[in-house]
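The letter at position 176 of the sequence shown is residue 176 when you use the UniProt record's numbering, and the numbering goes up by one with no holes.
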Amino acid sequence: MTEIQMPRLSDTMEEGVISTWRKNVGDQVSRGEVMAEIETDKAIMELEAYDDGVLEKILVEAGATVPIGTPIAVLGDGSGAAAQAAPAPAAPAAPAEPAASTPAPSAPVAPAEQGAKPKASPLAKAVAREKGVDLATVQGTGPGGRIIRADIEAAAAAAPSAPAAPAAPAAAPVVSNEDVEEVPLSNIRKVTAKRLTESKQQAPHFYLTSAIDVTELVAFRANLNERLQAAGGPKVSINDLIVKAVATALRANPAVNVSFAGDKMLQHKRIHLGVAVAIENGLVVPVIRDADRKSVSEIAAESREKAGRAREGKLKLDEMSGGTFSISNLGMFGIEQFSAVINPPEAAILAVGAARDEVQVRDGEFVARKILRVTLSADHRAVDGAVGAAFLQQLTGLLEDPIRIIA
């Protein structure tokens, strides 16, 4: 018998959620095959089998949250012996389920209790809201009749056949008397909240803002894209040019590419840039390693590819760790200027706003220019104000004279 336990899939993971079982009881499993998807504190990751065998028993149903090390399934030879020797299912290990299942002789039997809220896992509730499925209409197949994610998806898949009913338009029945709806936090959002709270509390932030004239940068990018397209290459974005410029400025100002480590400072010799990506369940930061050594085209391709996988929750742990400096860009939302929270253990982060048309005075005349505002948030324990200012000055020079970015 091989007991499969909830693995530690990230350095900060303490518990995991079985997002989906890819294998069913009775399925043959080969070493290296994906058995399940597990939501960690950073992403949804695949759980691969370490041995060959037959999946004889699932101990933790999809949607349940269990601590690291908890037995979640059992592999055997298919005879059923492993299933019999397996530990008791740890299914209800999740949150706090009151012991309301004991009494009520007539109630526990049927899940369809009038007025009573059906039991459902947090994940099932979230999926039900997303797909517009009424929990009261779903028959749970989890432990004790608990509704799990698979039940919601089955109900949603069956739904299209029902709309034939004419009286369906009544979209209001889902109404609740409550003014507030509880939305369970994903593991990713929990960790994001914890880490950023600690950062804001422990790292003394200071902020420096520069208004950069990017008129030439915008024109440069248009010209560059024309050439890249003519050569059959992919386009680059303003953000790709900013990433490359930041990497170049960090190479020239290594005192910003540091981490504060209690009684010492860590001076990073390599420049690994994290580029923040907002996803449905929180915030993740894919890392572009050695960004200063890559071309703008390489940065563009890697950023696009990793951002896509980040939104699908398919980034690997090592692709989101090891950053030495981060960039957060909200320009695409029209945000003119903002301050970002440092992503520990890094010592600084650059917030990038939208480029806007502004009137400036040049040689005594009013001229229209594209102005981009960036704000450096720095940990004052590791970065001094003058050091941060010198970095921004270098960055401003690069963005205002963009040929230097690729020179």
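Yeah, the Cβ is synthetic: ideal placement off N, Cα and C, and Gly gets one too.
- Under DSSP, the beta-bridge partners assigned to P71 are Q5.
- Counting only residues of its own chain and dropping the five nearest sequence neighbours on each side, H380 has a CB closer than 7 Å to the CB of P204, F206.
- For the pair of segments examined, the region 377-393 was found not to touch the region 229-243: the number of CB pairs separated by less than 8 Å stays below three.
- Just so you know, the alpha carbons of D401 and M45 end up roughly 42 Å apart.
- It is roughly 7 Å from the alpha-carbon of A73 to the alpha-carbon of V60.
- In this structure, the straight-line span from the alpha carbon of L399 to that of P184 is close to 42 Å.
- CA-CA distance, E39 to E358, rounds to 46 Å.
- Residue G63 holds the alpha-carbon nearest to the alpha-carbon of G16 among V256, V25, E3, G63.
- In this structure, A291 places its C-beta atom within 8 Å of the C-beta atom of V243.
- Secondary structure of G274 (DSSP, three-state): strand.
- Taking the C-beta atoms as reference points, A355 is found nearer than 8 Å to V214.
- Under the Cβ criterion (8 Å, minimum of three pairs), the region 254-264 does not count as touching the region 182-199.
- Rounded to whole angstroms, the gap between the alpha carbons of R251 and W21 is 46 Å.
- DSSP places K119 in the coil class of the three-state scheme, outside both helix and strand.
- The C-beta separation of K131 from A156 comes to about 4 Å, placing the pair in contact by the 8 Å criterion.
- DSSP places L47 in the strand class (E or B) of the three-state scheme.
- Annotated as distal: S377 and A407, with beta-carbon spacing of 8 Å or more.
- Your pair P286 and L315 checks out as a contact, with CB atoms roughly 6 Å apart and the cut at 8 Å.
- Distances from the CA of S237 to each of N223, E365, T248 were compared; the closest alpha carbon is that of N223.
- Under the 8 Å Cβ criterion, the region 50-58 counts as touching the region 24-35, having at least three qualifying pairs.
- Short of 8 Å from the beta carbon of G80, and not among the five residues preceding or following it, lie these beta carbons of its own chain, in chain order: E56.
- In the structure shown, A354 adopts coil according to DSSP, grouped into three states.
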